[in-house]
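**Q** Each number in our numbering comes from the position in the sequence shown (counting from 1) with 7 added on.
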Amino acid sequence: MRSLNTSDWNDNHKIPLMRHKRDPDATTEVGRSFGQWFRSRADSDYYAKSNEPYPVFIVGAYAAHYTATFLARMQDSCPNFAQHVFAISGVSGGSIGASLFAGLAKLKARNQPYVGCNLNSGDRYFERRTQKFFEQDFLSPVMAAALFPDLLQRFLPFPVGPFDRSRALDGSIEAAWRDMIEDAAKEDASAKAIPSPFERPFLDLWTPVRADEAVPSLIINTTEVANGYRIVMSPIGTGVPANKQWSKIARLHSLLPPAKDAGFESDVKLSTASGMSARFPWVLPAVTVETGLDRKPMRLVDGGYVESSGVDSASQLLKALKVAVERTKDTADVINAKFYLVVLMGYEGTPVEDRSLGAPPLPLRTLINTWQTRAEIAFLSAFVEACPEIGTCLAQAATETSYRRALVELPVIPVFLNLRDFQLPLTWQLTQASREIIALHAGTAQRCERNDTLMMTWPNEAGPFERIVKALGENSCSLCTMQFRLAHRSESPEWADKRICTRASAPPPPATSAITAK
Numbered sequence: 008m009r010s011l012n013t014s015d016w017n018d019n020h021k022i023p024l025m026r027h028k029r030d031p032d033a034t035t036e037v038g039r040s041f042g043q044w045f046r047s048r049a050d051s052d053y054y055a056k057s058n059e060p061y062p063v064f065i066v067g068a069y070a071a072h073y074t075a076t077f078l079a080r081m082q083d084s085c086p087n088f089a090q091h092v093f094a095i096s097g098v099s100g101g102s103i104g105a106s107l108f109a110g111l112a113k114l115k116a117r118n119q120p121y122v123g124c125n126l127n128s129g130d131r132y133f134e135r136r137t138q139k140f141f142e143q144d145f146l147s148p149v150m151a152a153a154l155f156p157d158l159l160q161r162f163l164p165f166p167v168g169p170f171d172r173s174r175a176l177d178g179s180i181e182a183a184w185r186d187m188i189e190d191a192a193k194e195d196a197s198a199k200a201i202p203s204p205f206e207r208p209f210l211d212l213w214t215p216v217r218a219d220e221a222v223p224s225l226i227i228n229t230t231e232v233a234n235g236y237r238i239v240m241s242p243i244g245t246g247v248p249a250n251k252q253w254s255k256i257a258r259l260h261s262l263l264p265p266a267k268d269a270g271f272e273s274d275v276k277l278s279t280a281s282g283m284s285a286r287f288p289w290v291l292p293a294v295t296v297e298t299g300l301d302r303k304p305m306r307l308v309d310g311g312y313v314e315s316s317g318v319d320s321a322s323q324l325l326k327a328l329k330v331a332v333e334r335t336k337d338t339a340d341v342i343n344a345k346f347y348l349v350v351l352m353g354y355e356g357t358p359v360e361d362r363s364l365g366a367p368p369l370p371l372r373t374l375i376n377t378w379q380t381r382a383e384i385a386f387l388s389a390f391v392e393a394c395p396e397i398g399t400c401l402a403q404a405a406t407e408t409s410y411r412r413a414l415v416e417l418p419v420i421p422v423f424l425n426l427r428d429f430q431l432p433l434t435w436q437l438t439q440a441s442r443e444i445i446a447l448h449a450g451t452a453q454r455c456e457r458n459d460t461l462m463m464t465w466p467n468e469a470g471p472f473e474r475i476v477k478a479l480g481e482n483s484c485s486l487c488t489m490q491f492r493l494a495h496r497s498e499s500p501e502w503a504d505k506r507i508c509t510r511a512s513a514p515p516p517p518a519t520s521a522i523t524a525k
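#1: Output the distance between the C-alpha atoms of K21 and M187, rounded to the nearest integer angstrom.
#2: At which residues does the alpha helix (DSSP H) containing P389 begin and terminate?
#3: Count the other CB atoms, across all protein chains shown, that sit within 10 Å of the CB of I201; report buried if there are 16 or more and exposed otherwise.
#4: By Cβ distance below 6 Å, which residues in the same chain neighbour A116 in space, the five residues on each side in sequence not counted?
#5: Which partner residues of S273 appear in the DSSP bridge assignment?
#6: Could you tell me the boundaries of the beta strand (DSSP E) in which P62 lies?
#7: If you draw a straight line from the alpha carbon of S388 to that of S322, how long is it in whole angstroms?
#8: Among residues of its own chain, excluding the 5 on either side of T229, which ones have a beta-carbon nearer than 6 Å to its beta-carbon?
#9: With DSSP as the reference, please indicate the residues paired to Y354 in a beta bridge.
#10: Put Y312 into one of helix, strand or coil per three-state DSSP.
#11: Compute the beta-carbon to beta-carbon distance between S84 and Q490, rounded to the nearest angstrom, for a pair I have assumed lies under 8 Å.
#12: Note down, in chain order, each residue of its chain lying with its Cβ closer than 7 Å to the Cβ of E355, except the 5 sequence neighbours on either side.
#13: Tell me whether S10 sits in a helix, a strand or coil according to DSSP, three-state version.
#14: For V66 and S96, which I take to be in contact (beta-carbon distance under 8 Å), what is that distance rounded to the nearest angstrom?
#15: Sort out for me which residues DSSP pairs G97 with in a bridge.
#16: Residues in its own chain within less than 6 Å of P292 by CB, not counting five upstream and five downstream?
#17: Mind the definition here: the segment 477 to 492 touches the segment 161 to 177 only if three or more C-beta pairs lie below 8 Å; say whether that holds.
#18: Going by DSSP, what residue range makes up the alpha helix (DSSP H) through I188?
#19: Please classify S147: is it buried, with 16 or more other beta-carbons within 10 angstroms of its beta-carbon, or exposed?
#20: For the alpha helix (DSSP H) that contains A446, what are its first and last residues?
#21: Could you give the distance in angstroms between the alpha-carbon of N17 and the alpha-carbon of V167?
#22: Looking at the structure shown, is L307 part of a helix, part of a strand, or coil, going by DSSP?
#23: Exposed or buried, what is M8 when buried is set at 16 or more other beta-carbons lying within 10 Å of its beta-carbon?
#24: Applying the criterion that 16 or more other CB atoms from any shown protein chain within 10 Å of the CB defines a buried residue, is P86 buried or exposed?
#25: Apart from the five residues on each side of it in sequence, which residues of its chain come closer than 6 Å, Cβ to Cβ, to R302?
#26: Can the beta-carbon of L493 be found less than 8 Å from the beta-carbon of P215?
#27: Apply the 10 Å Cβ neighbour rule to F141 and answer buried if 16 or more other Cβ atoms are within range, or exposed otherwise.
#28: Could you name the residues that DSSP lists as bridge partners for K21?
#29: Residues in the same chain with beta-carbon distance under 6 Å from P242, minus the five sequence neighbours each way, listed in chain order, please.
#30: Please state if the CB of M25 and the CB of V275 are separated by a distance shorter than 8 Å.
#31: Would you mind reading off the limits of the beta strand (DSSP E) that contains A321?
#32: Name the one or two DSSP bridge partners that Y347 has.
#33: Name, in chain order, the residues that DSSP records as bridge partners for A257.
#34: Between the Cα of S281 and the Cα atoms of P169, Y121, E181 and A218, which residue gives the shortest distance?
#35: If contacts are defined as beta-carbon pairs under 8 Å, then V278 and F205 qualify, I think. What distance do you get, rounded to the angstrom?
#36: Note down, in chain order, each residue of its chain lying with its Cβ closer than 8 Å to the Cβ of A218, except the 5 sequence neighbours on either side.
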């Protein structure tokens, strides 16, 4: 029997559930899902013929515009990129950016035979669509709903679901997709070929057995209010034991009430799922989810409360995948894959002077600051896990020239927003200038020409100009090295002269910016 609480009587923040039709061939077990996905890759023979491992990317994503722009830029240069991305772990706005990229991949990317990278691709389809999507004003509808219908709800003794200001965010995300598709249809009528993924059930987006698609799976991170556990939305398992009380993590779909019809399971819209991860404090309320047969309520907030980069969930998945692949070593279904963790997050780099005004605000300020610190610790832990001799790895990455740097097989690829020198307002409505700066941080592979160092190795005395230049150069080199990893190493010795993005003969990047170019 469900217990009643007077505070629940007018709670209008409950999310509506949808139904997802199960694919009888799909599984949530990590190893089996990855095996199905791996065996369906249409370009795998390109690597197998020379006994090269198949490159697989796992992404930890933070900040919507930044995440979507970086992934779009990589896809525009390398048409096979999306089919090499097994999963994206999104947190906060990164969940929306990841969902946008996955939706665009479902629309445009295909699981196809090998196609080489082209850094000078003039189409830039994914990036142009991404910029159009983020022209939408996501903040005003939420604030309008908060000041009027949702405020009225506080005085009503019964819940009115449409008054929930969170639904205004869901609607804005869906509207942004529709506007983007209308714009895309002006040059390609087939853009309307698929229903809006944001208005479909979350689990409809991905299945490992769809051999014609190049859609990455999503891991959407949220935080349970009652105990601080991490609750994720994902078509596959979390890679850790399912006992929530022991592991402090659970997959939301396993907690939802069962669907009434056989062959279906309860689900939520993709717009709702991505918005649930981005519950900015005070701007958006905690979402209420009914769980179990007795529909016991559970409240969820922004995934950044636990860890604000998405790296922890990505690292856990990566460990589970490595174990699963190792088990195939002496079998007929051996999987020859090499994993790379791509980290899209903000980084402050050096300590900040304490300017606290008295004792009262100290606990709150410390709590806020630990959000960023936990993300940086998660990144460093992932780096150490992948590269135990971290001193050697950092020294090698910091001293190699750009050409040699592309040959360094570092298993973790950092792409950092420089939050020390740019106080970027990562909110639902960005100015043109902020979008320009974020687009610059997404990197341009042709600009990887300097001997850049990792941001985490910056000396404290480095000045703003040096840090800014090095941060942008570092991200450009990350794009460059990711392109390198998509080509196998058995090609002719002239490979570097033909393909490497740092060669002296590389054409300069376009004069117009990534935002204003149309």
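Built from N, CA and C at the ideal position, the CB exists for glycine as well.
**A** In this structure, then:
#1: Working through the sequence shown from its first residue, we reach residue 21 at position 14. Working through the sequence shown from its first residue, we reach residue 187 at position 180. Their backbone Cα atoms lie some 29 Å apart in a straight line.
#2: Position 382 of the sequence shown holds residue 389. For clarity, residue 389 is Ala in the given sequence; the question names Pro instead. Here the alpha helix (DSSP H) through A389 covers L369 to A393.
#3: The residue you call residue 201 lines up with position 194 of the sequence shown. Answer is exposed; the Cβ neighbour count stays below 16.
#4: Indexing the sequence shown from 1 puts residue 116 at position 109. Same-chain partners within the cutoff: A89 and A221.
#5: Residue mapping note: residue 273 aligns to position 266 of the sequence shown, counting from 1. R26.
#6: Along the sequence shown, one-based indexing puts residue 62 at 55. Here the beta strand (DSSP E) through P62 covers Y61 to Y69.
#7: For the purposes of this step, residue 388 is identified with residue 381 of the sequence shown, where counting begins at 1. For the purposes of this step, residue 322 is identified with residue 315 of the sequence shown, where counting begins at 1. In a straight line, the C-alpha of S388 is about 9 Å away from that of S322.
#8: For the purposes of this step, residue 229 is taken as residue 222 along the sequence shown, with counting starting at 1. Answer for T229: I238, M283, S284, L307 and G310, listed in chain order.
#9: As a working mapping, residue 354 is identified with position 347 in the sequence shown. According to DSSP, Y354 bridges with N425.
#10: Position 305 of the sequence shown, counted from the first residue, corresponds to residue 312. DSSP places Y312 in helix when its eight states are reduced to three.
#11: For the purposes of this step, residue 84 is taken as residue 77 along the sequence shown, with counting starting at 1. For the purposes of this step, residue 490 is taken as residue 483 along the sequence shown, with counting starting at 1. About 6 Å; that satisfies the 8 Å criterion.
#12: Taking the first residue of the sequence shown as 1, we reach residue 355 at position 348. Answer for E355: Q379, L426 and R427, listed in chain order.
#13: Indexing the sequence shown from 1 puts residue 10 at position 3. Because the pLDDT of S10 is 44, which lies under 50, any placement of that residue in the model is unreliable, and the question is left without a value.
#14: The residue labelled residue 66 in the question sits at position 59 within the sequence shown. The residue labelled residue 96 in the question sits at position 89 within the sequence shown. About 7 Å separates the two Cβ atoms, so the contact holds.
#15: If you number the sequence shown from 1, residue 97 lands on position 90. BP columns for G97 point to A68 and I227.
#16: The sequence position of residue 292 within the sequence shown is 285, counting from 1. Once the five neighbours on either side are set aside, the close Cβ partners of P292 are H20.
#17: no
#18: Reading the sequence shown from its first residue, position 181 is the one you call residue 188. Its alpha helix (DSSP H) spans residues R172 to A192.
#19: Residue numbering aside, residue 147 sits at position 140 when the sequence shown is read from its first letter. So S147 counts as exposed.
#20: The residue labelled residue 446 in the question sits at position 439 within the sequence shown. From DSSP, the alpha helix (DSSP H) with A446 extends over Q439 to H448.
#21: Position 10 of the sequence shown, counted from the first residue, corresponds to residue 17. Position 160 of the sequence shown, counted from the first residue, corresponds to residue 167. Distance between the alpha carbons of N17 and V167: 8 Å.
#22: In the sequence shown, residue 307 corresponds to position 300, counting from 1. Here L307 sits in strand by DSSP.
#23: Residue 8 sits at position 1 when you count from the first residue of the sequence shown. Residue confidence is low: M8 scores 36 on pLDDT, short of 50, so the model does not pin down where it sits. Its coordinate-derived value is still stated next. Exposed, by the Cβ-count rule.
#24: To locate residue 86, count along the sequence shown from 1; it is residue 79. The residue in question, P86, is buried, as its Cβ has 16 or more Cβ neighbours within 10 Å.
#25: Mapped onto the sequence shown, residue 302 falls at position 295. Within the same chain, R302 has close Cβ partners P264.
#26: Along the sequence shown, read from residue 1 onward, the residue named residue 493 stands at position 486. Along the sequence shown, read from residue 1 onward, the residue named residue 215 stands at position 208. Going by C-beta atoms, L493 is not nearer than 8 Å to P215.
#27: Position 134 of the sequence shown, counted from the first residue, corresponds to residue 141. Label assigned to F141: buried.
#28: Position 14 of the sequence shown, counted from the start, is the residue given in the question as residue 21. In DSSP, K21 forms a bridge with T295.
#29: Counted from its first residue, the sequence shown places residue 242 at position 235. Excluding residues within five positions, the ones whose Cβ falls inside 6 Å are L210, W213 and S224.
#30: By one-based count along the sequence shown, residue 275 stands at place 268. By one-based count along the sequence shown, residue 25 stands at place 18. For V275 and M25, yes; Cβs fall inside 8 Å.
#31: Counted from its first residue, the sequence shown places residue 321 at position 314. Here A321 belongs to no beta strand (DSSP E); instead the alpha helix (DSSP H) covers V318 to R334.
#32: Numbered from 1 along the sequence shown, position 340 holds the residue referred to as residue 347. In DSSP, Y347 forms a bridge with F64.
#33: In the sequence shown, residue 257 corresponds to position 250, counting from 1. In DSSP, A257 forms a bridge with I238.
#34: Position 274 of the sequence shown holds residue 281. Looking at the Cα atoms, E181 is the closest of the given residues.
#35: Sequence index remark: in the sequence shown, residue 278 carries index 271 (1-based). Sequence index remark: in the sequence shown, residue 205 carries index 198 (1-based). The amino acid occupying residue 278 in the given sequence is Ser; Val does not appear at that position. Going by Cβ atoms, the distance from S278 to F205 rounds to 4 Å, so yes, they are a contact pair.
#36: In the sequence shown, residue 218 corresponds to position 211, counting from 1. Only S47, A49 and N118 meet the Cβ criterion.
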